[in-house]
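Numbering (this note's numbering), first residue to last: 109 to 205.
Idealized CB from N, CA, C, for every residue including glycine.
Bear in mind that the values here come from a model prediction, so they are computed numbers and not experimental data.
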Amino acid sequence: MAPVSLKNNSYYMPKSSLFNSFSRILKKAELPSLPIHSTRHTHAVLQLEAGASMKYIQERLGHGSMQITADVYSHISKKIEHDTMGKFEEHMKNVLE
Numbered sequence: 109m110a111p112v113s114l115k116n117n118s119y120y121m122p123k124s125s126l127f128n129s130f131s132r133i134l135k136k137a138e139l140p141s142l143p144i145h146s147t148r149h150t151h152a153v154l155q156l157e158a159g160a161s162m163k164y165i166q167e168r169l170g171h172g173s174m175q176i177t178a179d180v181y182s183h184i185s186k187k188i189e190h191d192t193m194g195k196f197e198e199h200m201k202n203v204l205e
């Protein structure tokens, strides 16, 4: 269960409540059904695309090592691939001049 704070009182929200709420939000927004864990993956990829370091993301996600984070997330984004190739091409232009 995930802790939820309401002013100074704390209580635990059952996982099923969180999952059901997420499902209702997706349905209301006319989006396809997704596992709630997909929001974690989206967040990590958006952080990478924004330029966050792998170490920062590793700590944010609570992974035991940066290798785990890199294995799971570094290959996902087409934007990262495109940006990296652009940087490489620019570097090679400067090397060849």
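Exclusion of the five residues before and after A178 leaves M162 as the residues of its chain whose Cβ lies within less than 6 Å of its Cβ.
By the neighbour-count definition (other C-beta atoms within 10 Å, threshold 16), I165 is a buried residue. F127 and S185 have their C-alpha atoms some 26 Å from each other. For L156, the uninterrupted alpha helix (DSSP H) segment begins and ends at S146 to E157. With respect to V153, Y119 sits apart: the two C-beta atoms are not nearer than 8 Å. Taken through DSSP and simplified to helix, strand or coil, G194 comes out as helix.
Look at I184 here: in three-state DSSP terms it is coil, with no helix or strand label. The criterion of a C-beta distance shorter than 8 Å is not satisfied by I133 and E157.
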